[in-house]
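Chemist: Numbering (this note's numbering), first residue to last: 731 to 1148. Quick reminder that beta carbons are idealized off the backbone N, C-alpha and C, glycines included.
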Amino acid sequence: MIMASIGWSLYKPSTRLLVAASGSRTMRRLQGYFLCPKIYMGSLALSTTLLGLSSLMKKKRAFIVTDKAIRKLAEEILPVFRLFGFEVYLCDKAEPEPPIGVVEEIAREMLQFEPDLIVAVGGGSAIDSAKGAWLKYEFPNLDIGSPVPLTTIGLRSKAILMAIPTTAGTGSEATAALVLTDTTTDPPRKVAHLHQELVPDLAILIPEMTMEMPKELTIGTALDVLAHAFDSYINRNWANPLTDSLSIGAIKTVFKNLPKVLEDPRNFEARFNMQIAATMGGLAFSNASVGLTHALGHAIGKVFRIHHGKAVGITIPYVLNFIAHVDDGYLNLAEELGIHDGDRLEKLTRKFVDFIESLGVSIALKAYVNEEEFKKNLEIVAKYAFEDPTTAQSIRQPGVDEMRKLVEYMYYGRMPDW
Ligand SMILES: [Fe+2]
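1. I need the boundaries of the beta strand (DSSP E) containing residue 850, first residue and last residue.
2. Roughly how many whole angstroms lie between the Cα atoms of residue 921 and residue 1071?
3. CB-CB under 6 Å to residue 774, same chain, minus the five flanking residues each way: which ones, in chain order?
4. Excluding the 5 residues flanking residue 987 on each side, which residues of the same chain have their C-beta closer than 6 Å to its C-beta?
5. Only counting the same chain, and skipping five residues up and downstream in sequence, which positions put a Cβ closer than 7 Å to that of residue 738?
6. Between the C-alpha atoms of residue 869 and residue 1062, what's the straight-line distance to the nearest angstrom?
7. Taking buried to mean at least 16 other C-beta atoms within 10 Å of its own C-beta, is residue 966 buried or exposed?
8. Would residue 940 be called buried (16 or more neighbouring beta carbons within 10 Å of its own) or exposed?
9. Going by the beta-carbon positions, is the gap between residue 1114 and residue 1036 smaller than 8 Å?
10. May I have a chain-ordered list of the alpha helix (DSSP H) segments no shorter than 4 residues that lie completely inside the region 911–966?
11. Less than 7 Å between the CB of residue 1091 and some heavy atom of ligand 1, yes or no?
12. For the beta strand (DSSP E) holding residue 1050, just list the boundary residues, first then last.
13. Thinking C-alpha only, which one of 994, 1010, 904 is nearest residue 857?
14. Residue 911 to residue 825, Cα distance in whole Å?
15. So for residue 1140, helix, strand or coil by DSSP?
16. According to the Cβ coordinates, are residue 907 and residue 1007 closer than 8 Å?
17. Where does the unbroken alpha helix (DSSP H) through residue 1210 begin, and where does it stop?
18. What are the start and end residues of the beta strand (DSSP E) that includes residue 1026?
19. Tell me the start and end of each unbroken alpha helix (DSSP H) in the region 1098–1128 that is at least 4 residues and wholly inside, in chain order.
20. The beta strand (DSSP E) that contains residue 792, what's its start and end?
21. Find the nearest neighbour of residue 765 within the set 1139, 1050, 1015, judged by alpha-carbon distance.
22. Would you say residue 957 touches ligand 1, meaning its beta carbon is less than 7 Å from a heavy atom?
23. Here's the rule: buried if 16 or more other CB atoms are within 10 angstroms of the residue's CB, otherwise exposed. What is residue 1123?
24. Taking the beta carbon of residue 1056 as the centre, do at least 16 other beta carbons fall within 10 Å, making it buried, or is it exposed?
25. For the 8 Å Cβ check, are there 3 or more pairs between the region 1078–1096 and the region 947–956?
26. Use the C-beta contact count for residue 785: other C-beta atoms within 10 angstroms, 16 or more gives buried, fewer gives exposed.
27. Please list, in chain order, all residues of the same chain as residue 798 whose beta carbon is under 6 Å from its beta carbon, the five residues on each side excluded.
28. If we count the other Cβ atoms within 10 Å of its Cβ and call it buried at 16 or more, is residue 818 buried or exposed?
29. I need the straight-line Cα distance from residue 1065 to residue 1074, nearest angstrom please.
30. Ligand 2 heavy atoms versus the CB of residue 1042: any closer than 7 Å?
31. Please say whether residue 859 and residue 895 have beta carbons closer to each other than 8 Å?
32. Between the beta-carbon of residue 866 and the beta-carbon of residue 839, is there less than 8 Å?
33. Is the beta carbon of residue 900 within less than 7 Å of some heavy atom of ligand 1?
This is the structure in structure tokens:
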């Protein structure tokens, strides 16, 4: 279980080497895993889950972590907890890119309330805030700004974790990842943990929770799903038949259902399918990793202030072409998406480009940033992308020069030809 239990000190070259080696095909034949929460789906999913839990839990004290924007949605489900005899505490202090200080403050409230059930309600930030506060609640002396131990942490001696996503994108409800921000450094430093014990115990997919998502957020989060599913499929070292089926399923579900949601945001079935696709993408990448879509997306998103989902989504065609020069894994993906002959790389590229552009999203960076600002920041974007931990998980690992070239090609909408 090398990858599942490794603390993300991935910025260190030695750890990156270890990760790259553990992802080699030979190593993957020696050890593998598939980590997954229990998943309950549908309008009555929470009631069904709590009915089962209520007889198992001794204290029945539920601590809900959410943010101010989602608080109203979270309040709507409080009666369900009370119906099954839970005492509830609602904390709305979660923030985007959860700062460690805020997470520690949430943990202090947890220590006061002493829950045996922690419930995250929201997008990736609320879920990550809950994961971080849960770590600190169980181990008050643990420094959550440093990589968690390589070995067993021992979570769940005080509480279990339930995640109720309100977006259809991050897949955090199903992943072993936790990303916090250390705001005491300049610039703020991302602290990423990856540990099998961080996979929530329960993921509750209630379609009603995503019905009110505005259009831009719906598109952005859906592109995040597409990038998770694409990356976990295309990086063949980490993928296996379990993750492949989820990756392909998620891509097909997004292609089919996102246009329906955009046409009719109240289309319950399509919203539900998008929510399931997000969890499928989360399961796929948590078990098979993301790669260059996220390395490049993190860098351009941060420097040019582009929404995470959009930033990673627009990189898909470029990463596809870059990797296709060294690995033909994309051929199976083309086959699965109904492309059986001709120049399959070109047709697959076109399929992704047409889909993304049909959402009103340009794949060329020049649509988001003027040339002067782009040139001024090119070097730092290339550096950030190269240093991003997810680069170590790519089947083809570019150096800084290749990253620079990739970003330049992205600016003008040109596909990598090397
Ligand atoms: Fe993502």
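Modeler: The answer reads as follows:
1. 847–852
2. 45 Å
3. none
4. 1000, 1003, 1004
5. Bear in mind that the predicted position of residue 738 carries a pLDDT of just 44, short of 50, making it unreliable; the figure below should be weighed with that in mind. Counting only Cβ-Cβ distances below 7 Å, and skipping sequence neighbours, we find 877, 922, 923, 924, 1119.
6. 45 Å
7. buried
8. buried
9. no
10. 945–964
11. no
12. It is not in any beta strand (DSSP E) - residue 1050 instead sits in the alpha helix (DSSP H) that spans 1046–1054.
13. 904
14. 10 Å
15. helix
16. no
17. As shown, the chain starts at 731 and ends at 1148. That puts residue 1210 outside it, with no answer to give.
18. Segment 1022–1034 is the alpha helix (DSSP H) holding residue 1026; no beta strand (DSSP E) there.
19. 1101–1117
20. 791–795
21. 1015
22. yes
23. buried
24. exposed
25. yes
26. exposed
27. 822
28. buried
29. 9 Å
30. No copy of ligand 2 appears in this structure; the ligands present are ligand 1.
31. no
32. no
33. yes
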